[in-house]
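Trainee:
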Amino acid sequence: MDNLITITLVASLVGSVAVILFGRTASVAKWLALLVSLVPLALATYMLALIMMGSAPAGYGCAPVTGAGYAFHECHSWIPALGINVIFGLDGLSAPMFFLTTLLVTLGILFAWDETKRPNQFFGMLLAINVAVLGVFASLDLFLFYVFWELTLIPMAFLIGIWGGERRRYAAIKFFVFTFAASLVMLLGFMYLYFATGQRNFSFELIQAGAGALGLTAQRIIFLALFIGFATKFPVVPLHTWLPDAHVEAPTAGSVILAGVLLKLGAYGLIRIGLPLAPLGAKYFVPLMFVIAVLSMLYASIICLVQRDYKRLVAYSSIGTMGLVLLGIAASVQTGNPLGLVGANFMMLAHGFISPALFMLCGVLAHNLGTRDIPLMGGLADRLPRTSFWMIVFSMAGLGLPGLAAFVAEFQIYSATWQAFGWLVFIAMLYLIFSAAYYLWAAQRAFFGPFVERPEVDYHHVYDVKWFELASLVILFVFTLAYGVWPRLLTEILEAPARAVLAAVGGA
Amino acid sequence: MNISPDWAALLPMLVLTGVGALLPLIGAFRVRAGWLAGFAVIGLLVAFVLNIATIWSIPGLDFMPHLTASGPAVVSFELLELTPFVVLFDLVFIAVALLVVIASPKYLKRRHQGEYYSLLLLSTVGMMSVAGSRDLITLFVGLELSSFCTYALAGFHKTRKDSSEAAMKYFLIGSISSALAIFGISLVYGLTGGTTFDALATLWSNPLSTVGGTTTVGRSLLDGHFTIGVFVWVLLLAGFGYKIALVPFHNYAVDVYEGSPDTVSGFLAAGSKQMGFAALFKVFLLGLFAVKANWDIMVAVIAVVTMVVGNVAALRQTNIKRMLAYSSIAQAGYILMALAIGTPYALAGGLFHIVTYSFMQAGAFVALAAAATWGIGESMDDWKGMSKRAPFLAFAMAVFLLSFAGIPPLAGFASKFVLFSSAIQAGIAPGVTGIYAFTYIGLAIAGILTSAISLVYYWRLIRVMYIEDETESRRVAVSSSAGIAVIIALVATIFIGLFPAAILDLALDAARSMFTAVALAGS
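Here the protein sequences line up with chains A and B, keeping their order. Each residue of the first sequence is one higher than the last, beginning at 0 in numbering that gives the first Met the number 0. Each residue of the second sequence is one higher than the last, beginning at 0 in numbering that gives the first Met the number 0.
(1) Identify the contact partners of Asp504(B) in chain A, using a Cβ-Cβ distance below 8 Å as the criterion.
(2) Between the Cα of Ala153(B) and those of Ser146(B), Ala166(B) and Ser145(B), spot the shortest distance and give me the residue it belongs to.
(3) Does DSSP put Trp485(A) in a helix, in a strand, or in coil?
(4) Do the stretch 222–230 of chain A and the stretch 256–268 of chain A make contact, defined as three or more Cβ pairs closer than 8 Å?
(5) Taking Cβ positions only, does Ser146(B) come closer than 9 Å to chain A?
(6) Counting only Cβ pairs nearer than 9 Å, list the residues of chain A close to Pro83(B).
(7) When you compare the CB of Val307(B) with every CB in chain A, is at least one pair closer than 9 Å?
(8) Please state whether DSSP places Phe450(A) in a helix, a strand or coil.
(9) Which one of Ile432(A), Tyr298(A) and Asp90(A) has the shortest CA to CA distance from Ala137(A)?
(10) Out of Met376(A), Ala277(A), Pro63(A) and Thr24(A), which has the shortest C-alpha to C-alpha gap to Ala503(A)?
(11) Here's a check: name, in chain order, each residue in its chain whose Cβ is nearer than 6 Å to the Cβ of Ala419(A), leaving out the five neighbours to either side.
(12) Under DSSP, the beta strand (DSSP E) around Cys148(B) begins and ends at which residues?
(13) Under 9 Å, Cβ to Cβ, is there at least one residue of chain B near Glu149(A)?
(14) Would you call the CB atoms of Arg444(A) and Met376(A) closer than 9 Å?
(15) Can you list, in chain order, the residues of its chain whose CB lies under 8 Å from that of Lys415(B), leaving out five sequence neighbours each side?
(16) Buried or exposed: where does Lys105(B) fall if 16 or more other Cβ atoms within 10 Å of its Cβ makes it buried?
(17) Going by DSSP, what residue range makes up the alpha helix (DSSP H) through His111(B)?
(18) Could you name the residues of the same chain whose beta carbon sits closer than 6 Å to that of Pro4(B), not counting the 5 residues immediately before and after it, in chain order?
(19) Taking Cβ positions only, does Arg559(B) come closer than 9 Å to chain A?
(20) Output the residue ranges of the alpha helix (DSSP H) runs that lie fully inside the stretch 463–501 of chain B and measure 4 residues or longer, sorted by chain position.
(21) Looking at chain A, is there any beta carbon in it that lies within less than 9 Å of the beta carbon of Ser450(B)?
(22) In chain B, what lies closer than 9 Å to Ala180(A) by C-beta?
(23) With the cut-off set at 9 Å, would you say Thr194(B) and Leu135(B) are in Cβ contact?
(24) Just to make sure I have the definition right: I need the residues of chain A whose C-beta is within less than 8 Å of the C-beta of Pro408(B). Which are they?
(25) State the beta-bridge partners of Ile83(A) as determined by DSSP.
(26) What does the alpha-carbon distance come out to for the pair Gly171(A) and Val187(B)?
(27) Check the Cβ-Cβ distances between Leu507(B) and every residue of chain A, and say whether any is below 9 Å.
(28) In angstroms with no decimal places, state the Cα-to-Cα distance between Pro390(B) and Lys383(B).
(29) Can you tell me which of Tyr356(B), Leu279(B), Ser512(B) and Gly265(B) puts its alpha carbon nearest to the alpha carbon of Ala237(B)?
(30) Is the CB of Val100(B) under 9 Å away from at least one CB in chain A?
(31) Smallest Cα separation from Ala356(A): which of Tyr462(A), Pro337(A) and Ser317(A)?
(32) Nearest-angstrom Cα distance between Val135(A) and Ile128(A)?
(33) Mind listing the chain A neighbours of Phe419(B)? Cutoff is C-beta to C-beta under 9 Å, in chain order.
(34) Please compile the residues from chain A whose C-beta is within a distance smaller than 8 Å of the C-beta of Tyr465(B).
(35) Looking at C-alpha atoms only, which residue of Thr67(B), Leu43(B) and Ser185(B) is the closest neighbour of Leu505(B)?
(36) For Phe139(B), collect the residues of the same chain with a Cβ closer than 8 Å to its Cβ; drop the 5 residues on either side in sequence, then sort them by chain order.
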């Protein structure tokens with residue numbers, strides 16, 4: 000079938016509008032949203048399965064764009080005067096992310112099953128994010144990429160601003176303006192590439208063909224401009240300050256999507272665009288990337304250790320994990336060995352399962368207890384056995400317990416780092432110790448130990464996880480476990496694109 | 000039907016003049032305001048279609064001359080011309096006038112509206128004369144025609160103090176700016192004996208020649224010669240700069256936009272400002288292109304200062320009209336970037352931004368007018384919780400605001416993209432030396448930084464509408480005619496954003512036609 004990607008996007012868009020216009024009551028809105036979200040989920044699963052089996056159709060291109068190396072490639076003319084086309088395509092790098100997005104939107108809708116404030120707009124916004132993020136992962140044209148990249152900001156800003164916590168107004172504007180400004184810098188980089196390569200066409204393929212020939216200074220400037228845009232989305236220190244506020248103030252479904260996929264946009268952009276289109280620049284800035292990555296990992300972890308707010312702890316841990324992803328990318332660029340890139344991608348996916356689950360559990364805690372303050376908790380395992388169980392499970396997953404997905408990723412990234420940077424890897428490995436420390440300590444303080452009655456928290460009306468929350472968690476755990484014990488599911492499709500990216504980097 | 004090109008090119012203006020002249024007459028017979036507006040709309044639509052017929056072939060309208068980017072201009076009685084550049088501006092002026100006229104009947108709340116529509120239409124005729132002028136006197140006459148009509152329109156809320164103040168301020172400042180412009184034009188006549196754009200170009204393409212027997216003028220000003228020639232373009236820049244409300248000529252504009260009736264503010268911000276740009280582009284590109292090296296950095300500095308001042312000042316505003324006024328000043332800074340860069344692609348970006356900006360700006364003011372018909376005021380506090388009181392209006396306003404900021408996939412992003420990319424293109428072109436590369440790249444960076452800043456105050460209004468709770472929960476139904484105007488502007492903003500190819504092609508053609516004329520003028 001042709002144009003599957005467009006169908007997926009259009010289905011989400013139509014569904015989003017339908018939910019906003021026709022979702023008069025909460026129950027109509029949520030059922031409609033759930034059913035609508037299953038369509039892109041099914042299509043994305045189908046496309047991922049075909050890619051994993053190696054039998055995905057190649058699609059069609061439009062001269063001179065051939066679409067080689069991509070599946071489900073489609074090309075529609077958009078602005079011929081500037082050489083801009085609507086080009087979509089998936090490969091091993093983007094298909095798992097594509098699938099993850101649809102999965103998280105569905106689970107987000109499921110998790111927010113008892114949302115009562117403006118439910119039609121809430122679920123409509125979730126579906127709108129689906130459109131925008133899927134568009135980013137599938138785009139193979141720089142202009143189109145940028146359009147979808149910015150589009151992700153609007154529903155997220157509304158989600159934070161309308162349904163968020165106490166400081167939601169500040170968090171929403173900070174998130175919006177900060178990432179908007181950084182994306183504009185990235186846009187200048189795209190423009191530079193467009194004119195400097197002289198292709199008069201914005202497609203990745205054609206620009207990549209001309210990008211290797213650009214001069215050293217040009218490539219460094221381009222990479223820096225692109226890196227600023229991507230690094231803010233990662234986010235890595237020092238461009239990370241929007242994330243704690245945005246994550247903490249967002250409603251749980253919003254945090255799920257924010258942590259699960261929006262953060263991955265930065266890493267994906269760096270791998271897909273930053274590395275192949277400014278290879279000399281990428282190689283030149285490897286030391287910078289290494290320093291920033293390690294700084295993020297350690298700085299974020301240390302801050303986690305002193306957090307009182309559970310959700311804030313999980314938010315900072317995301318920064319640390321994305322630092323690890325950047326480390327893997329830097330290692331691969333340094334050596335030309337795809338192991339780091341594969342590990343980075345694996346981590347993106349693993350974190351995309353684990354972090355949303357942790358945020359969901361924080362949401363459960365906040366909802367049930369009315370607080371996320373760890374010092375106010377204690378011995379919750381007695382009252383909330385299932386919540387405690389899942390929180391421990393996902394904390395273990397987050398710190399990299401073997402058998403679960405994050406371990407595979409961490410192993411690959413650290414191996415690649417050792418190969419690339421030698422003994423410096425031991426500095427990076429401090430992250431393992433810190434992450435274990437903050438996860439376990441927080442869980443221990445909150446769930447184990449003696450149960451302490453506190454006046455601020457109402458323990459008599461608590462309830463454990465509800466069925467819809469449990470369903471979401473179980474599904475995420477299944478994936479975490481599956482990728483943890485059978486990593487081949489993912490690494491098989493990652494290797495070829497990773498090698499292609501590194502070939503573009505190395506060839507320069 | 001075979002009409003000579005002379006008359007055919009004038010046909011749209013003649014239609015509008017005719018309708019505009021008849022309207023006060025008809026209005027004297029106590030006709031309902033809606034009918035008057037309808038008559039004006041018919042006239043505007045006829046003019047619109049006639050203009051479109053010059054660039055697309057519409058069956059039955061073959062008597063309109065056909066224009067191409069590289070073809071010759073269609074000249075009308077040696078005074079006015081028709082090129083794709085002119086047609087683009089004419090379409091913008093007529094479209095803005097349409098939006099304003101459609102939104103006005105219920106907003107104005109008075110019985111005698113014939114003069115109002117007449118003034119709007121005649122002002123549009125003046126704007127079209129400016130765009131289509133072939134020499135400086137025609138340009139000036141058109142400028143004055145349009146300005147005088149708008150002075151009266153600004154004071155149309157006769158019982159309100161701020162409307163009279165706005166009219167007075169506008170009249171005084173406008174007259175001063177016209178005086179500056181005519182002084183510059185008179186100098187051109189004195190130096191060259193002519194007032195055509197060709198004469199202006201001749202003034203500058205002859206190095207160190209004695210022209211007119213009185214003064215020596217030189218191509219390069221930077222070698223220390225104090226020549227009268229400098230005054231020419233400084234005065235013209237100042238005269239038109241007041242119209243466009245560039246910094247430092249912008250102060251009056253904020254008060255004028257705030258005090259005028261909402262629909263008139265929309266007309267001023269989306270129509271008069273573009274007329275100033277038409278004049279500026281014509282004079283500087285047709286007349287002064289040979290000495291671009293003398294004025295382009297200064298124009299770039301003015302553009303950057305305008306962007307910065309406009310956006311930063313808007314941050315403090317709590318009145319929506321003042322915020323929109325400052326934002327329109329900032330948007331003028333972006334358009335001016337096109338002049339500073341001076342390549343065909345940059346000019347196309349400027350023209351494209353003129354089109355998109357006119358729709359957004361007119362739409363925003365018309366939305367204000369629609370809210371005002373139901374007693375909702377112009378300060379941000381009055382708009383709290385609009386998304387619950389008037390969901391469609393809030394949505395439309397949110398779209399316009401996001402488009403101003405340059406969020407894809409709206410029209411504002413498409414045009415800003417072309418503008419900023421033209422700056423990058425000029426900055427990295429091979430052979431561009433230090434100060435120029437710095438200037439062009441600096442323009443792009445200033446553009447994106449100010450766009451990011453602007454998002455702060457645009458988002459503030461969106462937040463007030465969507466996140467804050469309403470102080471009054473009365474649901475508001477938007478009056479039908481203003482709602483139609485808002486819908487048109489909204490659809491245009493979204494459609495041009497999603498499918499920019501058509502308007503972009505028109506802008507590229509218009510830019511190429513202008514540069515064809517530039518090449519002819521310089522030779």
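By construction, the Cβ of each residue, glycine as well, lies at the ideal position given by its N, Cα and C atoms.
Mentor: So, from the data block:
(1) The answer, in chain order, is Ala80.
(2) Nearest of Ser146(B), Ala166(B) and Ser145(B) to Ala153(B), Cα basis: Ala166(B).
(3) Residue state, collapsed to three classes: coil.
(4) Verdict: yes, contact present.
(5) Taking Cβ atoms only, chain A never reaches closer than 9 Å to Ser146(B), which makes this a no.
(6) For a Cβ distance threshold of 9 Å, nothing in chain A lies close to Pro83(B): the least Cβ distance comes to about 14 Å.
(7) Not one beta carbon of chain A lies nearer than 9 Å to the beta carbon of Val307(B).
(8) Shown here, Phe450(A) sits in coil according to DSSP, grouped into three states, outside any helix or strand.
(9) The shortest Cα separation from Ala137(A) among Ile432(A), Tyr298(A) and Asp90(A) belongs to Asp90(A).
(10) Out of Met376(A), Ala277(A), Pro63(A) and Thr24(A), Ala277(A) has the C-alpha closest to the C-alpha of Ala503(A).
(11) Shown here for Ala419(A): same chain residues with a beta carbon closer than 6 Å to its own, the five before and five after excluded, namely Ala330, Gln333 and Thr334 in chain order.
(12) Unbroken run through Cys148(B) is the alpha helix (DSSP H), Leu135 to Ala153; no beta strand (DSSP E).
(13) At a cut-off of 9 Å between beta-carbon atoms, Glu149(A) makes contact with chain B.
(14) The Cβ atoms of Arg444(A) and Met376(A) lie closer than 9 Å to each other.
(15) Short of 8 Å from the beta carbon of Lys415(B), and not among the five residues preceding or following it, lie these beta carbons of its own chain, in chain order: Tyr333, His352, Gly405, Gly446 and Ser450.
(16) Result: buried.
(17) Secondary structure note for His111(B): it is in no alpha helix (DSSP H), with a DSSP letter that is neither H nor E.
(18) Counting only residues of its own chain and dropping the five nearest sequence neighbours on each side, Pro4(B) has a CB closer than 6 Å to the CB of Pro64 and Val73.
(19) This structure leaves residue 559(B) out entirely; chain B is present only between 0 and 522.
(20) Runs of the alpha helix (DSSP H) lying entirely within the stretch 463–501 of chain B and spanning at least 4 residues, in chain order: 479–497.
(21) It does; some Cβ of chain A falls within 9 Å.
(22) Listed along chain B, the residues sitting closer than 9 Å to Ala180(A) by beta-carbon distance are Ile447, Leu448, Ser450, Ala451, Ile452 and Leu454.
(23) A contact, by the Cβ cut-off of 9 Å.
(24) Per Cβ cutoff of 8 Å: Val146 and Leu150.
(25) Under the DSSP definition of a beta bridge, Ile83(A) partners with Ile78(A).
(26) The question names Gly, yet the displayed sequence has Ala at residue 171(A). Cα to Cα, the separation comes out at about 55 Å.
(27) Nearest CB-CB separation between Leu507(B) and chain A: below the 9 Å threshold.
(28) Going from the Cα of Pro390(B) to the Cα of Lys383(B) covers about 12 Å.
(29) If we check each option's Cα against that of Ala237(B), Leu279(B) comes out closest.
(30) Not closer than 9 Å to any Cβ of chain A, the Cβ of Val100(B) fails to qualify, so no.
(31) The shortest C-alpha separation from Ala356(A) is found at Ser317(A).
(32) Here the C-alpha atom of Val135(A) lies approximately 11 Å from the C-alpha atom of Ile128(A).
(33) For Phe419(B), the chain A residues whose C-beta falls within less than 9 Å of its own C-beta are Leu183, Leu186, Leu187 and Met190, listed in chain order.
(34) Phe157, Gly160 and Ile161, listed in chain order.
(35) Closest in alpha carbon position to Leu505(B), among Thr67(B), Leu43(B) and Ser185(B), is Thr67(B).
(36) In chain order, Ser177, Ala180, Ile181 and Ile184 place their CB closer than 8 Å to the CB of Phe139(B), counting only its own chain and leaving out the 5 sequence neighbours on each side.
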